[in-house]
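Just so you know, my numbering puts 43 at position 41 of the sequence shown, and the rest follows in order with no gaps.
Idealized CB from N, CA, C, for every residue including glycine.
Accompanying notes for the structure given below.
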Amino acid sequence: MQIRKIIPENLVLLDSLRGLTALYVLIAHALLLLTAGDADGFMSMLSSIFQYAHQAVLFFFVLSGFVIHWSTDKRFCREKTFDLKAYLLRRIRRIYPPLLAALAFTFLLDQLGLFLKFPIYHSQTAYASINALIQTDHRLQTLLGNLLFVQNVYTPTWGTNGPLWSLTYEWWFYILYIPVYGLFRKNKSFTSAFILVLWILNREFPFKPALFTIVFDYFIIWYLGVLLADYLRSKDLKTPFVVSYVIILFTLSLTRYSGSVGSDLLISLGIILFLYLVLCSNAFIGLGKARKLGDFSYTLYLIHVPILCFLSGVVMHARQGYLPANGLYVAAGILFSLSMAWLFHFISEKPFTARRV
Numbered sequence: 003m004q005i006r007k008i009i010p011e012n013l014v015l016l017d018s019l020r021g022l023t024a025l026y027v028l029i030a031h032a033l034l035l036l037t038a039g040d041a042d043g044f045m046s047m048l049s050s051i052f053q054y055a056h057q058a059v060l061f062f063f064v065l066s067g068f069v070i071h072w073s074t075d076k077r078f079c080r081e082k083t084f085d086l087k088a089y090l091l092r093r094i095r096r097i098y099p100p101l102l103a104a105l106a107f108t109f110l111l112d113q114l115g116l117f118l119k120f121p122i123y124h125s126q127t128a129y130a131s132i133n134a135l136i137q138t139d140h141r142l143q144t145l146l147g148n149l150l151f152v153q154n155v156y157t158p159t160w161g162t163n164g165p166l167w168s169l170t171y172e173w174w175f176y177i178l179y180i181p182v183y184g185l186f187r188k189n190k191s192f193t194s195a196f197i198l199v200l201w202i203l204n205r206e207f208p209f210k211p212a213l214f215t216i217v218f219d220y221f222i223i224w225y226l227g228v229l230l231a232d233y234l235r236s237k238d239l240k241t242p243f244v245v246s247y248v249i250i251l252f253t254l255s256l257t258r259y260s261g262s263v264g265s266d267l268l269i270s271l272g273i274i275l276f277l278y279l280v281l282c283s284n285a286f287i288g289l290g291k292a293r294k295l296g297d298f299s300y301t302l303y304l305i306h307v308p309i310l311c312f313l314s315g316v317v318m319h320a321r322q323g324y325l326p327a328n329g330l331y332v333a334a335g336i337l338f339s340l341s342m343a344w345l346f347h348f349i350s351e352k353p354f355t356a357r358r359v
């Protein structure tokens with residue numbers, strides 16, 4: 003199979019981008035939970051830069067679609083078959099061990115914070131933004147919901163670990179990809195058009211059950227990563243078709259669906275362009291220096307908010323209920339979260355992922 007324009011060595015930059023995106027989310031949450039900020043100074047400027055944690059998760063989605071399709075299609079071309087059992091096992095080994103560790107870790111930290119009676123665990127701080135973000139639901143049904151990836155649809159996310167909402171999407175993207183890939187192998191243009199039509203129908207006439215409606219709203223964003231991967235892996239998808247596809251989505255995101263999903267779709271189209279430039283030029287080769295950060299990015303994403311929440315409780319307890327205006331505790335929280343995630347990944351992530359798939 004002939005590679006189209008891609009510089010193969012640049013694929014390792016995806017690990018760097020994954021790590022830098024997780025770092026961005028960490029900094030965003032540290033600024034929210036560990037400083038009161040200043041009116042018009044340095045911390046206010048940082049907060050304005052790092053206010054796009056949700057959009058950073060879109061980057062994860064697109065990157066995930068790219069990596070899953072690239073690795074799956076590469077394996078299919080080598081083995082001439084799609085092994086469903088092996089595919090699911092790889093996904094389970096990737097997602098579950100760090101998740102289980104994060105769920106246990108979250109519970110322990112939350113229980114300690116509740117035992118110490120930190121107001122943050124009861125949404126009773128002086129900061130409305132923190133009160134809206136933090137919850138501590140540890141019911142059995144909530145645990146089961148998070149294990150089955152229906153959190154934020156049928157159950158809350160587990161304890162203070164709000165970022166777990168994105169795993170609902172990620173897991174069901176993996177599952178939706180199974181029939182999609184089967185169709186994709188037969189006719190890539192037809193499958194892509196079919197996905198687009200289904201997405202529009204779901205927007206106009208929401209499907210049942212609610213889980214499918216919510217997940218499919220963002221599957222088109224994940225699928226953009228699939229399209230980019232296939233476009234760069236083969237010549238089956240012609241450039242005019244891909245450009246037309248992007249133009250249609252761009253137009254819909256600005257017109258009919260200009261709300262939240264449309265805005266997220268528009269950002270995701272920008273992400274696709276950025277990834278194309280990263281993979282097909284030498285302009286971003288310096289990103290390779292951050293590759294190690296990508297090794298534990300998933301663990302970092304899973305455990306950083308419970309850590310920051312507990313540290314926020316400690317700081318507010320020591321300061322009569324208020325956070326400082328400076329960034330000292332922000333820096334400490336970032337460094338501590340990075341250290342803990344790096345240690346955790348040796349236990350819950352690295353042993354189960356000998357290589358990225």
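Check                                                                                                                             : Outcome
Bridge partners - Gln113, DSSP secondary structure assignment                                                                     : In DSSP, Gln113 forms no bridge with anything.
Closest by C-alpha distance to Arg293, when choosing among Arg20, Pro242, Phe52, Leu118                                           : Arg20
Nearest neighbour of Trp201, chosen from Ser168, Ser236, Arg96, Ile250 [CA to CA]                                                 : Ile250
Limits of the alpha helix (DSSP H) - the one that Thr144 falls within                                                             : 142-149
Bounding residues of the alpha helix (DSSP H) (the contiguous stretch that carries Glu81)                                         : 55-81
Straight-line gap, Phe252 to Leu310 (C-alpha atoms, nearest Å)                                                                    : 37 Å
Selection from Ser194, Glu172, Tyr171 that minimises the alpha carbon distance to Val182                                          : Ser194
C-beta contact flag for Ile223 and Ser270 at 8 Å                                                                                  : yes
Classification of Pro100 by the beta-carbon crowding that lies within 10 angstroms, buried from 16 upward                         : buried
Lys87 CB to nearest heavy atom of the ligand MG below 7 Å                                                                         : As presented, the structure is devoid of all ligands, the ligand MG included, so that no description of it is given.
Rounded straight-line distance, which links the Cα of Thr144 to that of Thr138                                                    : 10 Å
Residue environment, Met203, which counts as buried when at least 16 other CB atoms sit within 10 Å                               : Correcting the residue type first, residue 203 is Leu in the shown sequence and not Met. Result: exposed.
Residues that Gln153 bridges to, as DSSP identifies them                                                                          : Thr157
Selection from Ser66, Lys119, Leu35 that minimises the alpha carbon distance to Asn133                                            : Leu35
Backbone secondary structure at Leu313 - three-state DSSP                                                                         : helix
Three-state class that DSSP yields for Ala32 in the structure shown                                                               : helix
Among Leu118, Leu65, Gln57, the one whose alpha carbon lies nearest that of Leu229                                                : Leu65
Contacts around Lys190, its chain only, beta-carbon distance under 6 Å, and the 5 residues preceding and following it disregarded : Asp238, Leu239
Thr162, enclosing alpha helix (DSSP H) - first and last residue                                                                   : Where Thr162 is concerned, there is no enclosing alpha helix (DSSP H), given that its DSSP letter is neither H nor E.
Run of the alpha helix (DSSP H) containing Asn255, from where it starts to where it stops                                         : Correcting the residue identity first, residue 255 is Ser in this sequence and not Asn. It spans 241-256 - the alpha helix (DSSP H) in which Ser255 sits, taken as one unbroken run.
Cα-Cα separation, Ile51 to Thr83                                                                                                  : 46 Å
Own chain residues within Cβ distance below 8 Å of Ile197, not counting five before or after                                      : Val182, Phe221, Ile222, Tyr225
Selected residue, minimal CA-CA separation from Ser236, among Leu149, Trp72, Gly315, Ala106                                       : Trp72
CB-CB length for Gly315 against Ala32, believed under 8 Å                                                                         : Their Cβ separation, rounded to whole angstroms, is 14 Å, which puts Gly315 and Ala32 out of contact at 8 Å.
At least three beta-carbon pairs within less than 8 Å, the region 74-81 to the region 278-288                                     : no
Beta-carbon proximity check, Leu180 vs Leu86, cutoff 8 Å                                                                          : Looking at the sequence itself, residue 180 is Ile, so the reference to Leu does not match. Against a cut-off of 8 Å, the Cβ pair of Leu86 and Ile180 comes out as a contact.
Within 8 Å, strictly: CB atoms of Val14 and Ala58                                                                                 : no
6 Å CB neighbourhood of Leu313 in its chain, flanking five on each side removed                                                   : Gly335
Cβ contact (3+ pairs, closer than 8 Å) linking the region 101-110 and the region 301-308                                          : yes
For Asn204, the three-state DSSP class (helix, strand or coil)                                                                    : helix
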